[in-house]
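Colleague: Have a look at this one before I ask anything.
Numbering (the numbering used here), first residue to last: 864 to 1085.
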């Protein structure tokens, strides 16, 4: 029977190859056995009726369909990974907000939620969505501010005052120059679409734990 210690040593040798050189075996074993890092949720959403309201008052994200793509991606990810079973289309929130907005006064977030019959609103406001005109000269990036509003009380439940408060929780994503150059070959709108998908995913992952391998790769199903 092979003892557990010997099994660990064998795994260590397999991981680092036959040429260990000056490598410390204990360090190799520790690398194999330490737990995977987890990016914890910033706020755990209660499983209540929910809608994502994407509010781009200053038309930062263009064309308009990309705003919908971001919100829909976040919705799908939340339903799949956070077990949010009662979410409605973000397009409904966009339409309702436009319908309720007045020429001199914008409708309150919670009022849109009430009109749609939901209990909470995930409010997303873009701060930047930039794609360089020449691929490879800079990293495409997007930035957002995210809040969760109780539709019944109108109160903000996330983030707390000490974590950004009324300004919202900051979310920023980017594509490396290499990644952008590779994606660009797929079509004229490929970079914009990839940035939108990545943005929606990052917004959703504020609300549930995400596990990563020791090499920084996202674990399957997380």
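Built from N, CA and C at the ideal position, the CB exists for glycine as well. Predicted, not measured: the structure shown is a model, and the values here were computed from it.
Starting from the C-beta of residue 975, find all residues in its chain whose C-beta is less than 7 Å away, skip the five residues before and the five after it, and write them out in chain order.
Modeller: Contacts found: 916, 956, 959, 960, 963, 984.
Colleague: Using three-state DSSP, classify residue 896 as helix, strand or coil.
Modeller: The pLDDT assigned to residue 896 is 46, lower than 50, so where the model puts this residue is not dependable, and the model offers no usable value.
Colleague: On the three-state DSSP scale, how would you describe residue 983?
Modeller: Reduced to three states, the DSSP call for residue 983 is strand.
Colleague: With three or more C-beta pairs closer than 8 Å as the rule, is the segment 1017-1024 touching the segment 987-1002?
Modeller: The segment 987-1002 is not in contact with the segment 1017-1024.
Colleague: For residue 953, count neighbouring Cβ atoms within 10 angstroms of its own Cβ and tell me buried if that reaches 16, exposed if not.
Modeller: Under this definition residue 953 is a buried residue.
Colleague: When we look at the beta-carbon of residue 864 and count the other beta-carbons within 10 Å, is it buried (16 or more) or exposed?
Modeller: Low local confidence applies: a pLDDT of 47 at residue 864 is under 50, so the model's placement there is unreliable, and no value is given.
Colleague: Where residue 980 and residue 1045 are concerned, what is the direct C-alpha to C-alpha distance, given to the nearest angstrom?
Modeller: Rounded to the nearest angstrom, the two C-alpha atoms are 43 Å apart.
Colleague: Is residue 914 closer than 9 Å to residue 950 when the C-beta atoms are compared?
Modeller: Against a cut-off of 9 Å, the Cβ pair of residue 914 and residue 950 comes out as a contact.
Colleague: Going by DSSP, what residues sit across from residue 913 in a beta bridge?
Modeller: Paired residues: 950, 983.
Colleague: By the three-class DSSP mapping on this structure, what secondary structure does residue 1015 have?
Modeller: Coil at residue 1015, not helix or strand.
Colleague: Among 910, 1047, 1062, which one has its Cα closest to the Cα of residue 1036?
Modeller: The shortest C-alpha separation from residue 1036 is found at 1062.
Colleague: Classify residue 1031: buried if its beta carbon has 16 or more other beta carbons within 10 angstroms, exposed otherwise.
Modeller: Per the 10 Å Cβ criterion, buried.
Colleague: Please state whether the Cβ-Cβ distance between residue 943 and residue 1070 is less than 9 Å.
Modeller: No.
Colleague: Using 8 Å for Cβ pairs, my map puts residue 1065 next to residue 929. What's the rounded Cβ distance?
Modeller: The pair is not a contact, with the Cβ atoms about 15 Å apart (cut-off 8 Å).
Colleague: Tell me whether the beta-carbon of residue 1040 lies closer than 9 Å to the beta-carbon of residue 999.
Modeller: Going by C-beta atoms, residue 1040 is nearer than 9 Å to residue 999.
Colleague: Are residue 940 and residue 1005 closer than 9 Å when you measure CB to CB?
Modeller: Contact flag unset, no.
Colleague: Spatial neighbours of residue 1068 within its chain, please: CB distance less than 6 Å, with the 5 preceding and 5 following residues excluded, ordered by chain position.
Modeller: Answer for residue 1068: no residue qualifies.
Colleague: Please name the residue, chosen from 1034, 982, 967, that lies closest to residue 973 on a Cα-to-Cα basis.
Modeller: The candidate whose alpha carbon is nearest that of residue 973 is 982.
Colleague: Tell me whether the beta-carbon of residue 1003 lies closer than 9 Å to the beta-carbon of residue 1016.
Modeller: Cβ distance not < 9 Å, so residue 1003 and residue 1016 don't count as in contact.
Colleague: Is residue 1010 helix, strand or coil by DSSP?
Modeller: Correct three-state label for residue 1010: strand.
Colleague: Of all the options 1013, 1051, 970, which has the alpha carbon lying nearest to the alpha carbon of residue 912?
Modeller: When only C-alpha atoms are compared, the closest one is 1013.
Colleague: Output needed for residue 934: all residues of its chain with C-beta closer than 6 Å, excluding positions within five of it in sequence on either side, in chain order.
Modeller: 915, 917, 953.
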